[in-house]
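Novice:
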Amino acid sequence: MIKCMIFIVMECLLGLILTMAGISDMYPGFISLAVLGTGTVLIIRLFWKKTTRNNQFVILLTGYILRVFVMLLNIYGRGIIPIPNTNSDCEGFLWTASQYYQKIETMEYTKYPYIINGIFQFFGMNRVVAQYTNTIVWVMCVMLLMRMWKKFVLSDRVKTLTLVLAALWPNYILATMQLQRESLIAFFNMLAFCYLIEWLDGEKNCWLLFSFLATLPAALLHSASMVIFAANVAIIAVWNRKKKKIEISFKTMAIIIIGVIGILLLFYSPLNQILFSYIRIGDISWRAIYEFYQVAFVEGGSDYLRNMQVNNVWQFAGATLIRMIYFMISPVPWEWRGLQDVIAFFMDGAIHVALFVLLVRCWIKTRNHKKRAYMLFGFMYVLAFAGIFCWGTSNAGTAMRHRSILTGFIVATTVIALAKERVEEEDERGEIQ
15 MIKCMIFIVM ECLLGLILTM AGISDMYPGF ISLAVLGTGT VLIIRLFWKK
65 TTRNNQFVIL LTGYILRVFV MLLNIYGRGI IPIPNTNSDC EGFLWTASQY
115 YQKIETMEYT KYPYIINGIF QFFGMNRVVA QYTNTIVWVM CVMLLMRMWK
165 KFVLSDRVKT LTLVLAALWP NYILATMQLQ RESLIAFFNM LAFCYLIEWL
215 DGEKNCWLLF SFLATLPAAL LHSASMVIFA ANVAIIAVWN RKKKKIEISF
265 KTMAIIIIGV IGILLLFYSP LNQILFSYIR IGDISWRAIY EFYQVAFVEG
315 GSDYLRNMQV NNVWQFAGAT LIRMIYFMIS PVPWEWRGLQ DVIAFFMDGA
365 IHVALFVLLV RCWIKTRNHK KRAYMLFGFM YVLAFAGIFC WGTSNAGTAM
415 RHRSILTGFI VATTVIALAK ERVEEEDERG EIQ
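Quick note on our numbering: the sequence shown kicks off at 15 and runs consecutively.
Following this line, the structure appears as structure tokens:
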């Protein structure tokens with residue numbers, strides 16, 4: 015991942031020189047070719063060095079080529095073949111960023127266009143480069159996944175399977191090639207989970223701090239990522255690092271109470287407008303969430319399970335569970351815009367169902383308490399996001415994009431689930447045997 019960062023810095027310096035020379039805006043096509051060309055060469059070299067088998071290299075290279083091809087098709091050929099889930103948000107982000115770049119005042123205020131504008135400052139107002147950045151972020155996610163392999167004993171078949179999921183999952187391909195926030199959010203959230211695993215495994219407390227800090231950029235892009243704070247607090251409360259197992263004690267209740275108070279203080283503080291800007295409710299309660307949902311999504315829209323009535327907290331809990339299941343594994347959206355939505359939901363839902371069955375079977379069969387706990391924490395991350403998105407998702411395209419945010423957690427949990435194990439305790443390197 016460090017090499018990816020070095021590459022990004024080098025590209026930015028080159029772009030800055032060209033922008034200062036006035037070349038970027040005069041010859042955007044040249045800049046696009048230069049960035050794509052150098053990026054492709056360096057990424058191919060990186061994949062070749064990091065993989066140990068030819069099929070792994072081919073999988074990653076195929077995933078990269080597909081992303082670049084679909085990205086260019088999305089930019090230049092949308093009139094020929096429309097790409098699923100690339101809705102008007104992309105154009106809105108691009109328009110707002112272009113206003114920022116040209117120093118034109120606009121009433122639109124969202125955080126992601128500031129990132130696009132930052133890219134424009136280095137490379138000129140170039141959509142190809144801005145969109146290609148999300149594919150670079152995907153490469154960094156792959157590097158995180160491969161770094162995570164080192165903590166577990168994995169067969170080559172398991173490594174290949176997890177690379178197939180990370181590289182060729184159709185919905186994740188779409189999410190990591192378009193001009194949307196999801197690629198960055200997925201990266202920072204996966205980074206938070208990987209740091210958490212380091213801390214759980216007995217590493218220094220700084221890894222736990224890094225896990226919380228990695229959540230901040232994701233929360234700035236979408237407030238739903240604040241659930242990682244809550245999930246981390248719950249995990250700290252129940253995890254005994256010395257015994258490497260889940261343990262309920264007085265410490266558990268004390269940490270949970272402190273965590274709840276801390277989240278409430280954040281929500282009702284001036285930081286609310288920064289960290290919770292996408293959660294447009296004035297109070298943290300089931301009634302506030304449901305009433306906002308009722309106002310925002312009226313009859314006849316494309317909201318999921320919109321006819322479900324909620325009159326008390328128990329009904330709200332039941333409705334949330336049903337909606338979470340529907341959000342994660344629905345084979346079709348509640349309403350759809352066309353056949354492409356049906357195909358997209360069916361394929362993505364089928365993958366989720368298959369992985370869910372696989373992970374549950376592995377969790378039931380394993381006798382290693384540490385491995386079972388790690389899997390449970392992975393489930394906790396996924397379910398925390400599903401619990402937020404199941405109420406906040408209002409259409410098929412948004413649902414598919416939000417599902418992609420969970421891909422990193424799901425693939426990481428799959429790595430843990432399929433790791434080899436023995437009855438003996440872990441070896442001195444901290445690997446699950």
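Quick reminder that beta carbons are idealized off the backbone N, C-alpha and C, glycines included.
So what's residue 254 in DSSP terms, helix, strand or just coil?
Specialist: Note: residue 254 maps to strand in three-state DSSP.
Novice: Exposed or buried, residue 323, counting other C-beta atoms within 10 Å across all chains shown (16 or more means buried)?
Specialist: When all chains shown are included, residue 323 counts as exposed.
Novice: When the distance is taken between beta carbons, is residue 212 closer than 9 Å to residue 256?
Specialist: No, they are not a contact pair.
Novice: Can you give me the Cβ contacts of residue 277 inside the same chain, cut-off strictly under 7 Å, excluding the 5 residues immediately before and after it?
Specialist: Around residue 277: 243, 244.
Novice: Look at the alpha carbon of residue 380 and the alpha carbon of residue 246, and state the distance between them as a whole number of angstroms.
Specialist: Cα-Cα distance, rounded: 23 Å.
Novice: Just confirm the distance between the C-beta atoms of residue 450 and residue 202, as a whole number of angstroms; I'd bet it's less than 8 Å.
Specialist: The structure shown does not extend to residue 450, since the chain is modelled only from 15 through 447, so no value can be given for it.
Novice: Spatial neighbours of residue 266 within its chain, please: C-beta separation below 7 Å, excluding the five flanking residues on both sides.
Specialist: Once the five neighbours on either side are set aside, the close Cβ partners of residue 266 are 251, 252.
Novice: Thinking just about the alpha-carbon of each residue, which of 82, 125, 331 is nearest to the one in residue 405?
Specialist: Taking only the C-alpha atoms, the option nearest residue 405 is 331.
Novice: Can you tell me whether DSSP reads residue 262 as helix, strand or coil?
Specialist: It is coil, neither helix nor strand.
Novice: For residue 12 versus residue 146, is the C-beta distance shorter than 9 Å?
Specialist: Summary: the structure shown does not reach residue 12, with the chain confined to residues 15 through 447, and so no result is reported for it.
Novice: Under DSSP, the alpha helix (DSSP H) around residue 339 begins and ends at which residues?
Specialist: Per DSSP, residue 339 belongs to the alpha helix (DSSP H) from 327-343.
Novice: Could you tell me the alpha carbon to alpha carbon distance between residue 263 and residue 269, rounded to whole angstroms?
Specialist: Residue 263 and residue 269: Cα-Cα distance of roughly 10 Å.
Novice: Exposed or buried, which one is residue 128 when buried takes at least 16 other CB atoms within 10 Å?
Specialist: The residue is exposed, with fewer than 16 neighbouring Cβ atoms inside 10 Å.
Novice: Please report how far the alpha carbon of residue 373 lies from the alpha carbon of residue 431, in whole angstroms.
Specialist: Looking at the two C-alpha atoms, the distance is approximately 6 Å.
Novice: Since residue 137 and residue 57 are thought to touch, with beta carbons under 8 Å apart, how far apart are those beta carbons, to the nearest angstrom?
Specialist: Not quite, the Cβ-Cβ distance comes to about 18 Å (not below 8 Å), so this is no contact.
Novice: Comparing alpha-carbon positions, which option in 185, 131, 106, 104 lies nearest residue 116?
Specialist: The candidate whose alpha carbon is nearest that of residue 116 is 131.
Novice: Would you mind working out which of 416, 172, 356, 125 sits nearest residue 106, comparing C-alpha positions?
Specialist: Selected option, being the one with the closest Cα: 125.
Novice: Whose C-beta lies closer than 8 Å to the C-beta of residue 209 among residues of the same chain, with five residues either side of it excluded?
Specialist: Closer than 8 Å at Cβ, skipping near neighbours: 221, 222, 224, 225, 228.
Novice: By Cβ distance below 7 Å, which residues in the same chain neighbour residue 42 in space, the five residues on each side in sequence not counted?
Specialist: The answer, listed in chain order, is 138, 140.
Novice: When DSSP labels each residue in this structure, what does residue 236 get in the three-state scheme?
Specialist: Residue 236: coil per DSSP, three-state reduction.
Novice: Taking the alpha carbon of residue 133 as the reference point, which residue from 112, 416, 153 has its own alpha carbon closest?
Specialist: Residue 112 is the option with its Cα nearest to residue 133.
Novice: Decide yes or no for the touch test of the segment 360-370 against the segment 183-203: beta carbon pairs closer than 8 Å, at least 3 of them.
Specialist: Touching, yes.
Novice: Counting only runs of 4+ residues fully inside the segment 76-163, write out the alpha helix (DSSP H) ranges in chain order.
Specialist: Correct list: 102-115, 126-137, 141-163.
Novice: How many whole angstroms separate the CB atoms of residue 361 and residue 400, which I take to be in contact at a CB cut-off of 8 Å?
Specialist: With a Cβ gap of about 19 Å, residue 361 and residue 400 do not count as contacting.
Novice: Alpha carbon to alpha carbon, how far is residue 327 from residue 67? Give it in angstroms, no decimals.
Specialist: The alpha-carbon atoms of residue 67 and residue 327 are separated by roughly 53 Å.
Novice: Give every residue of the same chain whose Cβ lies closer than 6 Å to the Cβ of residue 205, excluding the five residues on either side of it in the sequence, and list them in chain order.
Specialist: Closer than 6 Å at the Cβ level, and outside the excluded window around residue 205, lie 228.
Novice: What are the boundary residues of the alpha helix (DSSP H) that residue 64 is part of?
Specialist: Looking at the DSSP string, the run of the alpha helix (DSSP H) that includes residue 64 is 42-64.
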